[in-house]
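Read the structure below first, then the notes.
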Amino acid sequence: MIVLLSVGPGTLESTMTEDLSPAERYAAARQRAAEQATALASFREMYDFGLDPFQIAACQALEAGKGVLVAAPTGSGKTIVGEFAVHLALLQGKKCFYTTPIKALSNQKYADLCRRYGADKVGLLTGDNSVNSEAPVVVMTTEVLRNMLYAGSQTLLGLGHVVMDEVHYLSDRFRGAVWEEVIIHLPPSVTLVSLSATVSNAEEFGDWLDTVRGDTEVIVSEHRPVPLFQHVLAGRRMYDLFEEGEGHKKAVNPDLARLARMEATRPSYQDRRRGRSMREADRERERRQRSRAWTPGRPEVIERLDAEGLLPAITFIFSRAGCEAAVQQCLYAGLRLNDEDARERVRALVEERTAHIASEDLHVLGYYEWLEGLERGIAAHHAGMLPTFKEVVEELFVRGLVKAVFATETLALGINMPARSVVLEKLVKWNGEQHADITPGEYTQLTGRAGRRGIDVEGHAVVLWQRGMSPEHLAGLAGTRTYPLRSSFRPSYNMAVNLVEQFGRHRSRELLETSFAQFQADRSVVGISRQVQRNEEGLAGYQASMTCHLGDFEEYARLRRELKDRETELARQGAHQRRAEATVALEKLKPGDVIHVPTGKYAGLALVLDPGLPAGRSNGHRGYDHQDGPRPLVLTAERQVKRLASMDFPVPVEPLDRMRIPKTFNPRSPQSRRDLASALRSKAGHIPPERARKKRSGAADDREIARLRTALRAHPCHGCDDREDHARWAERYHRLLRDTSQLERRIEGRTNTIARTFDRIVALLTELDYLRGSEVTEHGRRLARLYGELDLLASECLREGVWEGLAPAELAACVSALVYEARLSDDAMAPKVPSGKAKAALGEMVRIWGRLDGLEEDFRISQTEGVGQREPDLGFAWAAYMWASGKGLDEVLREAEMPAGDFVRWCKQVIDVLGQISAAAPREDSTVAKAARKAVDQLLRGVVAYSSVG
142 MIVLLSVGPG TLESTMTEDL SPAERYAAAR QRAAEQATAL ASFREMYDFG LDPFQIAACQ
202 ALEAGKGVLV AAPTGSGKTI VGEFAVHLAL LQGKKCFYTT PIKALSNQKY ADLCRRYGAD
262 KVGLLTGDNS VNSEAPVVVM TTEVLRNMLY AGSQTLLGLG HVVMDEVHYL SDRFRGAVWE
322 EVIIHLPPSV TLVSLSATVS NAEEFGDWLD TVRGDTEVIV SEHRPVPLFQ HVLAGRRMYD
382 LFEEGEGHKK AVNPDLARLA RMEATRPSYQ DRRRGRSMRE ADRERERRQR SRAWTPGRPE
442 VIERLDAEGL LPAITFIFSR AGCEAAVQQC LYAGLRLNDE DARERVRALV EERTAHIASE
502 DLHVLGYYEW LEGLERGIAA HHAGMLPTFK EVVEELFVRG LVKAVFATET LALGINMPAR
562 SVVLEKLVKW NGEQHADITP GEYTQLTGRA GRRGIDVEGH AVVLWQRGMS PEHLAGLAGT
622 RTYPLRSSFR PSYNMAVNLV EQFGRHRSRE LLETSFAQFQ ADRSVVGISR QVQRNEEGLA
682 GYQASMTCHL GDFEEYARLR RELKDRETEL ARQGAHQRRA EATVALEKLK PGDVIHVPTG
742 KYAGLALVLD PGLPAGRSNG HRGYDHQDGP RPLVLTAERQ VKRLASMDFP VPVEPLDRMR
802 IPKTFNPRSP QSRRDLASAL RSKAGHIPPE RARKKRSGAA DDREIARLRT ALRAHPCHGC
862 DDREDHARWA ERYHRLLRDT SQLERRIEGR TNTIARTFDR IVALLTELDY LRGSEVTEHG
922 RRLARLYGEL DLLASECLRE GVWEGLAPAE LAACVSALVY EARLSDDAMA PKVPSGKAKA
982 ALGEMVRIWG RLDGLEEDFR ISQTEGVGQR EPDLGFAWAA YMWASGKGLD EVLREAEMPA
1042 GDFVRWCKQV IDVLGQISAA APREDSTVAK AARKAVDQLL RGVVAYSSVG
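Residue numbering for the sequence shown follows our numbering, beginning at 142 and increasing consecutively.
Structural data, given as structure tokens:
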């Protein structure tokens, strides 16, 4: 195993120009002759540029029969190593599988390899495409290879090499486990080529690969073939982030640091609103500062980049709506980046690529507005766009016909769309729960797009100035070029039955203990053990310091702790009692009650729309757990419809008044909310909220507290002059003892964690008769063919005949609940679902999930650990039902309130699971398999049916 820090191209060749002795020249000539006979020599002739040292080292290791892990920056040419594996496999008469994390990247790599080797030698396998699957070179998504391994597919025969592109996806919390499954289960005869972004623990990952795959060389390159320059655009001025200096250590540009300090001293808008007076000199200074530091508008940024010769550029905006708005702003500003010839070429390509889309659908998809932007050289790129539209944007950008793209961060993952410049509007993004700073790894991934190899001399990363920006923080993001690779591997139900089927229970457990997750956990235990040893030395010192000559101070300290714990417990009981009273009060609320929410984000006047009682399930939804208490849906005086929680009601709430809720009230309509909120303020805005009365503390009458206080006063150490000094040492001793116990539990918990989780999963599957010891039952073999987050729920639905007798469109609606997850939680309204049999089946699915959820709790299988079945989401059921029923795109998208790209993606995922269900469903006396195949045909039409390959 080696670690190679590469340098720029040409370094190796330069040493060959030195003066050599005759013997050295003879040896060099023999070496060159030997090299000419290698596969690498013939491979290098296929390219019109020289290979970099890290590429040569990786290819040589492959030819020597070793596996390789190549970690290098985005755009450095890692895929050359993957293509050499393809070349090597073809020379040896073996197969090569090239796996990618996303379908778009699979399609792109398929097209690249077809151009190089011919379509007869290259195949493609993704969730919805199968082209020439028995070819010697097959491009596929990683999930497809995982499924082939578990199924023992005949396609695996003769497999010599597997290339895993973007292997750092292994960290992905939702899909990362698939990469580890493939690495662990590939036959030992297969040579693995792992291509990764630059990660800080490549050596650790390489050590694991060495353990599970055999001899593996780690090739690490920190060198960017196109140097990247960092800038901050503030007002009219583009500041360099780093000042030019000698040595490797870069200092923040002092002009930028000075600007940040001046900006920090300027009074904010809020300060001025509070009425703070400003002297004329202050106003003048502020005017001068404002002329230097403001956040430029999006059209202004593109114009500036165009003037500086820094286009094409990708501007990352962490919002789909923001990307679309940016295009509109540029159009309204009259921005034109293409001449007439380019406009005509754009229109010709767009019309060719969209010819298959019906004209009535083009209006629905916003085609003409999109085309206008493309003709001007401006486009958005995000997951909500129709796949066809995204592919056109990508092709036009690569051809230089689109020069400004506004994209979400998903563009940074996978597809090949390098630019001269990358712009980041903000260094903060919404992570699904809160606005958080982007990490150094995310910054590296985003800015890695800047600089096109073979085209640009240098790449540029531009961050827009924002008030409160810290140049030092930005320099930290830009200077930290790597991020650690962390395993997200967790066993699943499908994985468990497949492993037991192939290897038996004992061998399966051993295989899981070879995972990268367990490898990392075992390594972390070493450091924790050292900390335990240090803590034990500290405990001995603390024990000596708290020794008292009057008596056993450890006993005295225990009495003090018991007293404190008892007082805390009584306080907790009091709080629990108050919450119980508040819950009783909430259960009495009725629709139309006017209340005052006492605390929380939505404190103030509110109207109850739905009391949200935990009274079971309705509308296909699971009822709230009783320990959660009622969750009333209210309309606030500020026109917001929100589902409140028990924490918003620490004290009992009583209705202040009552109001009639109009039957026509629609919580999704801003006008409806505005009218009703206005009526609410008029009706009860003048009523003051009641104040809660304080009650006598329970500690005052508690016998245990009285006993402990008496025992404390009677203890010999109570009279010690150094009592409080001893008590401080005793408290430190107790804290350190508690911390040490926690560390010991962590050591115990991290040892064999994956195997213990597997044991719990196996126990649950045994309870449900999917497994009997090391035997997989008929139900288990069905589960083995169902892949997905809700694999066990799908299997139980087949087992109980929930979907029997459903029409194809009804089955599509039910299956959508297994794959769909809303981007944002919306408690305002229950989702619309089809009536009749479909509604009953969806309700039964939720009932089965509730039973499985209870079983998982019994067997200590936790969703928070990435294991277990989430609640099925019914939010896409109506859209899937309508589309499968033949409704038009306009009507479906309007009803679904969903972008076309999301709609297509969810439909394709439903189609994928329907295919699994048709294969897994019972053949005798069952209508499900036939309905699933028909549902696939009915969904696969219009914009959903389009494929970029074929």
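Using N, Cα and C, we set each Cβ at its ideal position, and we do this for glycine too.
Predicted, not measured: the structure shown is a model, and the values here were computed from it.
For the pair ARG801 and HIS827, the Cα-to-Cα distance works out to about 18 Å. Contact between LEU906 and ILE1002 does not hold, since their C-beta atoms are separated by about 11 Å, which reaches or exceeds 8 Å. Under the three-state reduction of DSSP, GLY715 is assigned to helix. With contacts defined by Cβ atoms closer than 8 Å, PRO453 and ARG590 do not form a contacting pair. For VAL641, the enclosing alpha helix (DSSP H) begins and ends at 634–653. According to the DSSP assignment, VAL1084 belongs to the alpha helix (DSSP H) that extends over 1083–1086. Following the DSSP letters along the chain, one finds ALA520 inside the beta strand (DSSP E) bounded by residues 519–522. Taking a C-beta distance under 8 Å as the contact criterion, TRP990 and PRO1013 qualify as a contact pair.
Comparing C-alpha distances from VAL319 to each of ALA182, LEU290, GLY582, SER330 shows the shortest one belongs to LEU290.
Annotated three-state conformation of GLY347 is helix, per DSSP. Residues GLU728, PRO771 of the same chain have their beta carbon placed closer than 7 Å to that of LEU754, with the five preceding and five following residues left out of the count.
Here DSSP, grouped into helix, strand and coil, assigns THR332 to strand. By the beta-carbon neighbour count (other beta carbons within 10 angstroms, threshold 16), ASN394 is buried.
Following the DSSP letters along the chain, one finds TYR509 inside the alpha helix (DSSP H) bounded by residues 508–516. Shown here, LEU311 sits in a helix according to DSSP, grouped into three states.
As for any alpha helix (DSSP H) of minimum length 4 sitting wholly inside the stretch 1005–1039, the runs are 1018–1025, 1030–1037, ordered along the chain. Note on ARG650: 16 or more other CB atoms within 10 angstroms of its CB, so buried under the neighbour-count rule.
Less than 8 Å separates the beta-carbon of VAL334 from that of ALA226.
When the beta-carbon positions are compared, GLU321 and PHE657 come within less than 8 Å of each other. Boundaries around PHE370 are those of the beta strand (DSSP E), 369–375, since no alpha helix (DSSP H) includes it. DSSP places LYS783 outside any alpha helix (DSSP H); the residue lies instead in the beta strand (DSSP E), whose first and last residues are 782–784. Secondary structure of ALA744 (DSSP, three-state): coil. Contact annotation: ALA276 and GLY293 have beta-carbon atoms that are not nearer than 8 Å.
Going by C-alpha positions, ASP253 is about 45 Å away from GLU945. Linking LEU849 to GLN718 through their CA atoms gives a straight-line distance of about 24 Å. The alpha-carbon separation between ALA685 and GLU678 amounts to approximately 11 Å. Ranked by how close their Cα comes to the Cα of GLY620, the residues GLN470, ALA847, THR585, LEU232 have THR585 in first place. Under the three-state reduction of DSSP output, PHE660 falls in the helix class. Of the residues assessed, ILE324 falls on the buried side of the cut-off, its CB having 16 or more other CB atoms within 10 angstroms.
Residue range 528–539 is occupied by the alpha helix (DSSP H) that includes PHE530.
Shown here for ASN273: same chain residues with a beta carbon closer than 6 Å to its own, the five before and five after excluded, namely GLY264 in chain order.
For ASP880, the closest of SER787, ALA896, GLN674 by C-alpha to C-alpha distance is GLN674. By the neighbour-count criterion, in which a residue is buried when 16 or more other Cβ atoms sit within 10 angstroms of its Cβ, HIS497 is exposed. The Cβ atoms of PHE457 and ALA548 sit closer than 8 Å to each other. Judged by DSSP secondary structure, TYR624 falls outside any alpha helix (DSSP H); it is assigned neither H nor E.
In this structure, DSSP gives ALA496 a state outside helix and strand, which the three-state scheme calls coil.
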